[in-house]
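Novice: If you read the sequence shown in the numbering used here, its first letter stands for residue 2, the second for the next number, and so on. For each residue, glycine too, the CB sits at the ideal point set by N, CA and C.
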Amino acid sequence: MTTIQEHCCGADMFFNAKTATKEYNKYLKKGPLKATAKVIQQLAGQNLENKSLIDVGGGIGAIQWWFLEQGGQQTTGIDASSGYLQKAHEHATENGWGNKTSFIEGDCTEKYNEVDDAHFITLDKVVCCYPDYKDIISATCEKSREYVSLSYPMDGIISHALRNIGSLYFKIKKNPYRPFVHSVKEIRELFSQKGYERVAHNISFPWHVETYKKVA
Ligand SMILES: C[S@@+](CC[C@H](N)C(=O)[O-])C[C@H]1O[C@@H](n2cnc3c(N)ncnc32)[C@H](O)[C@@H]1O
């Protein structure tokens with residue numbers, strides 16, 4: 002069984018500096034990817050003045066840049082990939098956001114205690130990287146002060162088939178990283194148990210994109 006440390010090392014190997022540069026250049030040309038744009042759309046309209054964001058597995062940081070451009074006060078990127086964090090760090094420095102951003106390498110469930118609670122937490126295409134959705138979502142619900150937004154895969158036959166192909170690919174590459182398809186129903190129930198209600202839902206195939214608000 003792959004441990005979470007091995008799993009994060011695997012993520013670091015796969016989401017590496019080369020992938021980060023490719024995605025960053027694409028972002029500069031075309032803006033955020035489709036599911037990411039939906040996350041942003043769900044949060045647009047919020048007053049972000051004096052608000053903070055933790056962007057978990059934020060990759061090259063598209064949500065963080067949008068948040069700061071809209072007047073957000075502080076962002077923290079927590080990512081298992083050093084390559085992505087490096088790219089995000091460079092972008093923040095180039096844009097004069099050095100004092101409004103911070104970047105932490107590692108598994109968010111272990112690193113949350115190194116940062117203050119945030120008003121917003123985003124997990125864009127991250128829960129599918131994580132073996133135990135209960136761990137990552139529960140920790141996130143406790144860490145957020147107001148909103149949690151996430152994109153995660155639909156759980157039908159096609160997603161499971163794609164996941165199996167993905168797992169085989171990583172096995173052949175001898176990379177301990179594995180993709181996961183979790184139960185959509187159970188994820189939604191967990192948010193409810195944690196005192197959150199869903200305030201937005203979109204589909205960006207094969208992703209569900211949802212925003213939850215803390216109510217209890
Ligand atoms: C599929 S990429 C998504 C990147 C970006 N959010 C996007 O949508 O383009 C998943 C990201 O989550 C990170 N990641 C995976 N598991 C993580 C964990 N437990 N804690 C922090 N980051 C994690 C990976 O390193 C990678 O950067």
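Would residue 210 be called buried (16 or more neighbouring beta carbons within 10 Å of its own) or exposed?
Specialist: Locating residue 210 in the sequence shown gives position 209, counting from the first residue. With 16 or more Cβ atoms within 10 Å of its Cβ, residue 210 is classed as buried.
Novice: Residue 121 lies in the beta strand (DSSP E); which residues open and close that run?
Specialist: Here the question's residue 121 lines up with position 120 in the sequence shown. From DSSP, the beta strand (DSSP E) with residue 121 extends over 119 to 125.
Novice: Would you decide whether residue 169 is buried or exposed? Buried here means 16 or more other CB atoms lie within 10 Å of its CB.
Specialist: Translated into positions along the sequence shown, residue 169 becomes position 168. The residue in question, residue 169, is exposed, as its Cβ has fewer than 16 Cβ neighbours within 10 Å.
Novice: Please return the same chain residues whose Cβ sits closer than 6 angstroms to the Cβ of residue 131, not counting the five positions on each side in sequence.
Specialist: Taking the sequence shown and counting its residues from 1, the one referred to as residue 131 is at position 130. 137.
Novice: Just list the beta strand (DSSP E) runs in the segment 68 to 142, keeping only unbroken ones of 3 residues or longer that don't cross its boundaries, in chain order.
Specialist: Runs of the beta strand (DSSP E) inside the segment 68 to 142: 75 to 80, 102 to 106, 119 to 125.
Novice: Identify the residues that DSSP records as bridge partners of residue 161: which are they?
Specialist: As a working note, residue 161 is residue 160 in the sequence shown. Per DSSP, none; premise fails for residue 161.
Novice: Measure the beta-carbon distance from residue 107 to residue 89 and round it to whole angstroms, keeping in mind my assumption that it falls under 8 angstroms.
Specialist: The count along the sequence shown starts at 1 and reaches residue 107 at position 106. The count along the sequence shown starts at 1 and reaches residue 89 at position 88. Their Cβ separation, rounded to whole angstroms, is 15 angstroms, which puts residue 107 and residue 89 out of contact at 8 angstroms.
Novice: Just verifying my parser: in three-state terms, what is the DSSP assignment at residue 212?
Specialist: Position 211 of the sequence shown, counted from the start, is the residue given in the question as residue 212. In the structure shown, residue 212 sits in a strand (DSSP, three-state: E or B).
Novice: How is residue 185 classed by DSSP in three states: helix, strand or coil?
Specialist: As a first step, residue 185 must be located in the sequence shown, where it is residue number 184. Residue state, collapsed to three classes: helix.
Novice: Would you mind giving the Cβ-Cβ distance between residue 215 and residue 197, rounded to the nearest angstrom? I have them listed as a contact below 8 angstroms.
Specialist: Position 214 of the sequence shown, counted from the start, is the residue given in the question as residue 215. Position 196 of the sequence shown, counted from the start, is the residue given in the question as residue 197. With a Cβ gap of about 6 angstroms, residue 215 and residue 197 count as contacting.
Novice: Label residue 127 either buried or exposed according to how many other C-beta atoms from any shown protein chain fall within 10 Å of its C-beta, with 16 as the threshold for buried.
Specialist: For this step, residue 127 is matched to residue 126 along the sequence shown. So residue 127 counts as buried.
Novice: What is the residue span of the alpha helix (DSSP H) that residue 26 lies within?
Specialist: For the purposes of this step, residue 26 is taken as the residue at position 25 of the sequence shown. Here the alpha helix (DSSP H) through residue 26 covers 18 to 31.
Novice: Taking residue 101 as the reference, which of 207, 69, 194 has the closest Cα?
Specialist: Taking the first residue of the sequence shown as position 1, residue 101 is located at position 100. It is 69.
Novice: What does a CB cutoff of less than 6 angstroms around residue 200 pick up in its chain, not counting 5 residues either side in sequence?
Specialist: Mapped onto the sequence shown, residue 200 falls at position 199. Closer than 6 angstroms at Cβ, skipping near neighbours: 212, 214.
Novice: Leaving out five residues before and five after residue 206 in sequence, what residues of the same chain have Cβ atoms less than 8 angstroms from its Cβ?
Specialist: Taking the first residue of the sequence shown as position 1, residue 206 is located at position 205. If we look at residue 206 and ignore the five residues flanking it on each side, its Cβ neighbours are 155.
Novice: Mark residue 184 as exposed unless 16 or more other C-beta atoms lie within 10 angstroms of its C-beta, in which case mark it buried.
Specialist: Stepping through the sequence shown from its first residue, residue 184 is reached at position 183. Classification of residue 184: exposed, given that the 10 Å Cβ count is below 16.
Novice: Around the C-beta of residue 63, are 16 or more other C-beta atoms found within 10 angstroms, so that it is buried, or is it exposed?
Specialist: Locating residue 63 in the sequence shown gives position 62, where the first residue counts as 1. With 16 or more Cβ atoms within 10 Å of its Cβ, residue 63 is classed as buried.
Novice: Alpha carbons only, please: which of 129, 86, 147, 151 is nearest the one belonging to residue 164?
Specialist: Taking the first residue of the sequence shown as position 1, residue 164 is located at position 163. Considering only alpha carbons, the answer is 129.
Novice: Have a look at residue 119 and residue 133 and give me their C-alpha separation to the nearest angstrom.
Specialist: By 1-based counting over the sequence shown, the position of residue 119 is 118. By 1-based counting over the sequence shown, the position of residue 133 is 132. Taking the straight line from one Cα to the other gives about 22 angstroms.
Novice: Name the two residues that bound the continuous alpha helix (DSSP H) containing residue 41.
Specialist: Taking the first residue of the sequence shown as 1, we reach residue 41 at position 40. 35 to 44 is the span of the alpha helix (DSSP H), which, as asked, contains residue 41.
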